[in-house]
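In the UniProt record's numbering, the protein residues as written are 1 to 200. By construction, the Cβ of each residue, glycine as well, lies at the ideal position given by its N, Cα and C atoms.
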């Protein structure tokens, strides 16, 4: 890994373990829900590297509810900062900037379909397909056809049902007709890469 650059899955796992070990040493346990490139990598959807770990929400110990991750809990922030120092990472290598996305509702299946892994005192729930398709569709509509999010959608190859569900959620985030038109264009663009429409 570049000192302040891209992280692959192996490196990310090492960093998450380091955070979990610090939390465990302090008698702390935290549950975070992660989206973005890291979730795609741990879901074996893509193999590309990523710049950060995107925490969209926190969960309770029983993993039944979600709550805001903005800001991250102080003890978790301290552990993230220590790992950043020890591994010469950018201070925001783990952040909850995307947490504001929850203001208008969580993406479909965020908690229910999360794939949980544990490292010491850190429980990480990696978002499943439905949540990732919805979030990537929103990001692709926002950032344009040349963004990494379009490539991620191509890799996800959503089914018709997943497209419909994602499109409904994304439209609830922004009700402007122009944004809805862009969303439809993204869907058509990604479908064009596959040459067919999945119905499963």
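Query	Result
Backbone CA spacing between residue 14 and residue 58 [nearest angstrom]	21 Å
Touch test, the segment 91-107 against the segment 68-82, Cβ-Cβ under 8 Å, three pairs minimum	yes
Segments of 3+ residues assigned as beta strand (DSSP E) that fall wholly inside the segment 82-162	115-119, 122-126
Contact the segment 114-133 vs the segment 16-36: 3+ CB pairs below 8 Å	yes
Completely contained alpha helix (DSSP H) runs for the segment 16-79, where each covers 4 or more residues	36-42
Given 8 Å, three or more beta-carbon pairs between the segment 146-163 and the segment 79-86	no
Straight-line gap, residue 27 to residue 76 (C-alpha atoms, nearest Å)	12 Å
Residue span of the alpha helix (DSSP H) that contains residue 184, given as start and end	177-194
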